Every structure is written in structure tokens, then in C-alpha cells.
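Chemist: Below you'll find the structure I mean.
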Amino acid sequence: MIKYIFIFLIPFYFIACGYHFSLIEARRAKAISEVSLGVEKIYIQLFQNHTPKRGLENNFLNALVYEFNTGKGLQIVKKTEAEAFLLGELTGYRAIGIA
816 MIKYIFIFLI PFYFIACGYH FSLIEARRAK AISEVSLGVE KIYIQLFQNH TPKRGLENNF
876 LNALVYEFNT GKGLQIVKKT EAEAFLLGEL TGYRAIGIA
């Protein structure tokens, strides 16, 4: 019986949805920039949204700021206090349904 329950639950493990936002590359870049450029303070500008998903730029910015604040990365400051700027644009969006 336990074997059948286990077999039944396996697919749910692989199709479970989740969200993950990681700044591994940004942290590597931070380590390089601190050594070579001495950058410690950064300003993050709201990204331009060129996708059909309304409000995506706000969600992305909030997730990005959260990652910077929870890590031991660069300090986010006002534009006038920044040593570097992070800006960009969102050019694509894809939502994948699982059910």
C-alpha cells in the first residue's frame, strides 16, 4: 500500500510550482567590482517594461531589491548617493501552466 502511495505522489513532486530569484551572478560581479572598482553603493532604476504583462516591472524591482537587502551584497541607496547604477528593460515574459 505504501508503495502505491509513493508512486502516486512522485509526479506531484516534479510538477509543483515555485518561484526562485537568485543573484548568484550579481554577487560574483559584486566581488569583482569591489576588488577592481571599489563599488559598494548602487542605485536600482525601475526597469522599462516592454512585455504585455502589466506591472511586471514593479514585481521584478521588488524581488530584486529584496535579494539585495537579504544578501550581503551591494547597499541600495538613493540616486544621488550611488557609486553605480543598475538599469535595464524587460523584453519577454512567459507563464507556464502546470494543470
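Counting in this note's numbering, the sequence shown runs from 816 upward without gaps.
Ideal Cβ placement from N, Cα and C applies to all residues, glycine included.
As the structure is a prediction and not an experimental result, all values here were calculated from the model.
Since G915 and F862 are thought to touch, with beta carbons under 8 Å apart, how far apart are those beta carbons, to the nearest angstrom?
Modeler: Residue 915 falls outside the range modelled here, since the chain spans only 816 to 914, and no answer is possible.
Chemist: Could you spell out the range, first to last residue, of the alpha helix (DSSP H) harbouring A899?
Modeler: If you number the sequence shown from 1, residue 899 lands on position 84. Not the alpha helix (DSSP H): A899 falls in the beta strand (DSSP E), residues 899 to 901.
Chemist: Leaving out five residues on either side along the sequence, give the residues of the same chain with a beta carbon under 6 Å from the beta carbon of A899.
Modeler: Position 84 of the sequence shown, counted from the first residue, corresponds to residue 899. V854, I857.
Chemist: How many angstroms separate the CA atom of Q860 from the CA atom of R869?
Modeler: The residue given as residue 860 occupies position 45 in the sequence shown. The residue given as residue 869 occupies position 54 in the sequence shown. Looking at the two C-alpha atoms, the distance is approximately 18 Å.
Chemist: Have a look at the DSSP bridge pairing and note the partners of Q863.
Modeler: The residue labelled residue 863 in the question sits at position 48 within the sequence shown. Per the DSSP secondary-structure output, Q863 pairs in a beta bridge with E904.
Chemist: Could you pull the start and end residues of the alpha helix (DSSP H) that E872 belongs to?
Modeler: If you number the sequence shown from 1, residue 872 lands on position 57. Its alpha helix (DSSP H) spans residues 871 to 885.
Chemist: When you compare each of A910, P867, L901 to L879 by their alpha carbons, which one comes out closest?
Modeler: The residue labelled residue 879 in the question sits at position 64 within the sequence shown. Minimum Cα distance to L879 is reached at L901.
Chemist: In angstroms, rounded to a whole number, what distance separates the CA positions of L889 and F883?
Modeler: Translated into positions along the sequence shown, residue 889 becomes position 74. Translated into positions along the sequence shown, residue 883 becomes position 68. Rounded to whole angstroms, L889 to F883 spans 7 Å at the Cα level.
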